[in-house]
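With this note's numbering as the guide, the letters of the sequence shown map in order to residues 1148 to 1615.
We put the beta carbon where it would ideally sit given N, CA and C, even for glycine.
What follows is a set of notes on a single structure, which appears directly below.
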Amino acid sequence: MSKKYAIYCFPILFWIICYFGFSFDGLYGQDAYEYFRYTKSLHNYLTSGELPGDYFWGVYYPLFGSFLMLVLGKTPIALQLISVFSLIISSIYATKIIELIYKEKGNSILIFLVFSCSPILLIHSVLSMSDLLSCCLLLLTFYHFLVYLEKSKDRSFLIGVCFCLIALLTRYATGIIVLPITIMVFLKLWKDKPLKLLLISIPILLIIIAPHIVIKSQKSLQFLSHSWLQNWNILNIFKSDFVTQEGPRSNHFINLIYICFTFLHPIFMFFGLGIIGYSIKNRFRKWNKYQILLAVSILVFSLFIGGIPYQNKRYLIPAFALIVILIYPQVKNIISFFNYKKPIYFVVFFIQLSFTFYFGKQFLDRNKLEKSIVKEMKPFQGNTLYIFDIDVAMQGRGLQFNYKNLFIEKYKVYEKNALILINEKQLEKDWKDKNPLINWNQIQNQCELKKLQLTNKDWSLYQITALK
């Protein structure tokens, strides 16, 4: 690795602090456990031939994780390390794209502070989630396609096609943000008419999509039926409240503001408004064709995300990666106003890290909650357990129960001596007229309950002692 890229290895130190200092293994909520579950299933498939079973999302993140598990064993560290090194590679290729577009040497310290130290990227670099791998593949795709557009290198086209397909089969939504540059590339290909390139790209395409087809042979297009796609509507950008199959969702801001969080929210960058003000003052100095391409890609993707009836800041990571490249000249010009740059660099670094730990605390707290409940529930294994929300974490951490998820269906009959583990306040607040609260109300009406002791005050554990 070139010396100028050495600073980009900081995420390794950050992971060491999180993993060994805070015992954070990257698992939280639900999605991370599903990635971990399927990574282990693919590992079993590679080592024993046991079929991995069904899986909804893109296959490449758990597939890469299963390869790493062959070395590290069945540990979530495998998925964490993919995220860590994805951020490092993303930083390197963000620099390469900047140098290609602006025809100048990239300021690695500046890119490190704005991109690598962005709180949302640092946080996700230690999560067992596919977001940073997707971001990395996006930037690799853009770089090689830009090289092809700029220098007509056949090799860059083929490499770009590889990364583009892998990115798409890692996170399907990546297909939206790469669409503009893919169109440009194939227009150039059509103009140049290199039949050889097309012929070579066909077997590459087949090889890359093979894992998706083999693993998801029965439901390879299932993702197109996702409720968020089915309920996608451009008018959702003017809404803040949504009712989905997962329950009502109320947000502080309409989606139009939410998709602007990449500039407005400090989890991305705390100085975004300053960049906007500087750009307006300087009338968005004339952009070159590649800056226009970046802007179109960001706009198309942001509108797509804005039409989804759900908000999650991590969905904006691909747009943020391209935004950093787009605003690089403005950031560099602002920094040039200061005679003493080192103090500014230290202040920015300190603020970025402060926001990282502030916003990252929710992930750490959830991780600790799950571990503590798993520890307390171990002695009760083997029982029927009516549960909601935290069952995925308990299964992911190996607890053996006859799980009855209160969301999946409305139960008419309940088992004597079964256990119920719920967060009562959460049910009453978020799940009115939905299965979880309906089931809980029925349990109270139909069963005699005994409350068992849990150290966590928000969660309650009951045993059904008799049926009314």
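What are the boundary residues of the alpha helix (DSSP H) that residue i is part of?
{"i": "I1537", "result": "Where I1537 is concerned, there is no enclosing alpha helix (DSSP H), given that its DSSP letter is neither H nor E."}
{"i": "W1337", "result": "L1326 to D1339"}
{"i": "S1348", "result": "L1342 to I1362"}
{"i": "C1282", "result": "D1278 to K1298"}
{"i": "A1314", "result": "D1301 to L1315"}
{"i": "T1242", "result": "I1224 to Y1249"}
{"i": "N1435", "result": "Taken as a continuous stretch (DSSP letters only), N1435 belongs to no alpha helix (DSSP H), as it is neither H nor E."}
{"i": "L1132", "result": "Residue 1132 is absent from the structure shown; the chain starts at 1148 and stops at 1615."}
{"i": "N1402", "result": "N1402 to Y1405"}
{"i": "F1410", "result": "F1408 to L1411"}
{"i": "W1204", "result": "No alpha helix (DSSP H) holds W1204; DSSP gives it neither H nor E."}
{"i": "I1159", "result": "F1157 to I1163"}
{"i": "I1270", "result": "P1266 to H1271"}
{"i": "Q1255", "result": "For the record, residue 1255 in the displayed sequence is Ser; it is not Gln. Unbroken alpha helix (DSSP H) run through S1255: S1255 to I1258."}
Output needed for residue i: all residues of its chain with C-beta closer than 6 Å, excluding positions within five of it in sequence on either side, in chain order.
{"i": "Q1547", "result": "Q1528"}
{"i": "I1092", "result": "Coverage of the chain is limited to positions 1148 through 1615, which leaves residue 1092 absent and any answer about it impossible."}
{"i": "P1223", "result": "D1172, G1173, L1174, F1183 and S1275"}
{"i": "R1396", "result": "F1389"}
{"i": "C1283", "result": "S1233, I1236 and S1237"}
{"i": "R1461", "result": "D1278"}
{"i": "N1514", "result": "F1171 and Y1175"}
{"i": "Y1475", "result": "I1245"}
{"i": "F1502", "result": "P1266 and P1413"}
Spatial neighbours of residue i within its chain, please: CB distance less than 7 Å, with the 5 preceding and 5 following residues excluded, ordered by chain position.
{"i": "F1089", "result": "Residue 1089 is absent from the model: the chain starts at 1148 and stops at 1615."}
{"i": "S1193", "result": "As written in the sequence, residue 1193 is Leu, which differs from the Ser given in the question. Correct list, in chain order: S1213 and L1217."}
{"i": "G1543", "result": "L1174, Y1180, F1183 and R1184"}
{"i": "K1563", "result": "I1611, A1613 and L1614"}
{"i": "G1253", "result": "T1242, I1245 and E1246"}
{"i": "L1286", "result": "S1237, Y1240, A1241, I1244 and A1468"}
{"i": "L1440", "result": "P1327, I1328 and M1331"}
{"i": "T1317", "result": "G1205, Y1207, Y1208, S1277, L1280, S1281 and L1284"}
{"i": "P1583", "result": "F1535, L1553, F1554 and L1574"}
{"i": "G1200", "result": "S1188"}
{"i": "L1198", "result": "Y1192"}
Within the present structure, is the beta-carbon of residue i separated from the nearest heavy atom of the ligand FMN by less than 7 Å?
{"i": "I1355", "result": "No copy of the ligand FMN appears in this structure; indeed no ligand is present at all."}
Per DSSP, which one or two residues make a beta bridge with residue i?
{"i": "Y1550", "result": "L1532"}
{"i": "C1594", "result": "L1614"}
{"i": "V1090", "result": "Since the first and last residues shown for the chain are 1148 and 1615, residue 1090 lies out of range."}
{"i": "L1608", "result": "L1568 and L1599"}
Can you tell me which of the options puts its alpha carbon nearest to the alpha carbon of residue i?
{"i": "S1303", "options": "F1289, L1315 and A1314", "result": "F1289"}
{"i": "K1363", "options": "M1416, R1461, K1221 and W1204", "result": "W1204"}
{"i": "L1344", "options": "D1301, Y1207 and I1154", "result": "D1301"}
{"i": "Q1477", "options": "V1206, V1261, I1520 and S1237", "result": "V1261"}
{"i": "N1603", "options": "L1293, P1583, E1297 and E1523", "result": "E1523"}
{"i": "S1238", "options": "K1298, I1313 and K1151", "result": "K1151"}
{"i": "I1423", "options": "S1272, V1294, S1387 and T1409", "result": "T1409"}
{"i": "G1545", "options": "I1258, Y1492 and K1525", "result": "K1525"}
{"i": "P1358", "options": "Y1207, L1420, L1532 and Y1457", "result": "Y1207"}
{"i": "F1510", "options": "S1170, Y1155, I1163 and L1160", "result": "S1170"}
{"i": "S1299", "options": "F1484, D1339, I1381 and A1314", "result": "D1339"}
{"i": "P1413", "options": "I1349, N1486, G1196 and G1507", "result": "G1507"}
{"i": "A1565", "options": "N1549, F1497 and K1579", "result": "N1549"}
{"i": "K1421", "options": "E1575, I1351 and N1480", "result": "One detail in the question is off: residue 1421 reads as Gly in this sequence, not Lys. Considering only alpha carbons, the answer is N1480."}
{"i": "G1419", "options": "I1537, L1376, I1360 and V1495", "result": "V1495"}
{"i": "Q1600", "options": "E1517, L1568 and I1306", "result": "L1568"}
{"i": "F1167", "options": "M1416, Q1227 and Y1457", "result": "Q1227"}
{"i": "L1305", "options": "T1321, Y1319, L1336 and A1320", "result": "L1336"}
{"i": "G1220", "options": "T1186, S1230 and I1163", "result": "T1186"}
{"i": "I1355", "options": "T1531, P1456, Y1533 and A1314", "result": "A1314"}
{"i": "I1270", "options": "F1485, D1178 and F1504", "result": "F1504"}
{"i": "L1210", "options": "L1334, E1251 and V1361", "result": "V1361"}
{"i": "Y1608", "options": "L1342, I1520 and D1512", "result": "Position check: residue 1608 holds Leu in this sequence, whereas Tyr was assumed. For the residues L1342, I1520 and D1512, the minimum Cα distance to L1608 belongs to I1520."}
{"i": "K1518", "options": "N1486, M1416, V1539 and Q1499", "result": "V1539"}
Could you give the first and the last residue of the continuous beta strand (DSSP E) run that contains residue i?
{"i": "L1193", "result": "No beta strand (DSSP E) contains L1193, which is instead part of the alpha helix (DSSP H) from D1178 to S1195."}
{"i": "I1381", "result": "Note, I1381: premise wrong, no beta strand (DSSP E); not H, not E."}
{"i": "I1569", "result": "L1566 to I1569"}
Can you name, in chain order, every residue of its own chain whose Cβ lies under 8 Å from the Cβ of residue i, other than the five neighbours on each side?
{"i": "I1473", "result": "First, the amino acid is wrong: residue 1473 is Leu here, not Ile. Answer for L1473: Q1438, L1441, A1442 and I1445, listed in chain order."}
{"i": "I1401", "result": "I1384, F1385, K1386 and S1387"}
{"i": "V1308", "result": "S1348, I1351 and L1352"}
{"i": "F1157", "result": "F1259, S1263 and C1264"}
{"i": "N1530", "result": "F1548, N1549, N1564, A1565 and L1566"}
{"i": "S1272", "result": "P1158, F1161, W1162, S1230, V1231, S1233, L1234 and L1279"}
Exercise. Which runs of the alpha helix (DSSP H) spanning at least 4 residues fall entirely within the region 1462-1548, listed in chain order?
Worked result: Uninterrupted alpha helix (DSSP H) stretches at least 4 residues long and entirely within the region 1462-1548 occur at 1464-1483, 1488-1524 and 1538-1543, given in chain order.
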